[in-house]
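Structural data, given as structure tokens:
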């Protein structure tokens, strides 16, 4: 089972996302891509162990570029972390039917809780145990 993550180089919120993922997702379950081209190439590869996508585009153009290639089976969970709150960006995001939408400058504690819940629903991905 894999979680495919896209967050571009130079994105100031990428460190916050990495920290949130480290707190929730066990090592080896997340496959992180930092370039749109490598992410799109990975999306094109058939994979039966891919259960979740976490997408943090740098801008609306990246969201559009990735969405063109984002053909996914209905059981694939999608989490979108949008770069802005513009109505056009939000509308484009919702055409992808995400399970959860938040914003790059948003509350990552909510994102962590949603990811924990999603992981608990996927038996092949054990979530990290709560710390002491």
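Numbering (the working numbering), first residue to last: 1344 to 1475.
Every residue gets a Cβ at the ideal spot worked out from N, C-alpha and C, and that includes glycine.
Using only the heavy atoms of the ligand MN, determine whether one of them is closer than 6 Å to the beta carbon of residue i.
i	result
residue 1411	As far as ligands go, the structure on display features none, and thus does not contain the ligand MN.
Nearest by alpha-carbon distance to residue i: which of the options is it?
i	options	result
residue 1434	1460, 1403, 1448 and 1459	1403
residue 1372	1440, 1441 and 1395	1395
residue 1450	1351, 1347, 1360 and 1348	1360
residue 1352	1389, 1436 and 1380	1380
residue 1407	1419, 1431, 1389 and 1464	1431
residue 1356	1456, 1391, 1398 and 1429	1398
residue 1413	1429, 1385 and 1391	1385
What do you reckon, are the CB atoms on residue i and residue j nearer than 7 Å?
i	j	result
residue 1393	residue 1345	yes
residue 1363	residue 1462	no
residue 1411	residue 1375	no
So residue i and residue j are supposed to be a Cβ contact under 8 Å. How far apart are they, rounded?
i	j	result
residue 1409	residue 1383	7 Å
residue 1447	residue 1425	7 Å
Could you please give the first and the last residue of the uninterrupted alpha helix (DSSP H) stretch that includes residue i?
i	result
residue 1461	1451-1463
residue 1395	Looking at the DSSP string, residue 1395 is not in any alpha helix (DSSP H); the run it does join, the beta strand (DSSP E), is 1393-1398.
residue 1433	1430-1437
residue 1403	1403-1412
residue 1361	1357-1367
In terms of residue numbering, what span does the beta strand (DSSP E) encompassing residue i cover?
i	result
residue 1420	1420-1425
residue 1445	1443-1446
residue 1373	1373-1376
residue 1347	1345-1349
Can you give the Cα-Cα distance for residue i and residue j, rounded to whole angstroms?
i	j	result
residue 1427	residue 1358	17 Å
residue 1389	residue 1419	13 Å
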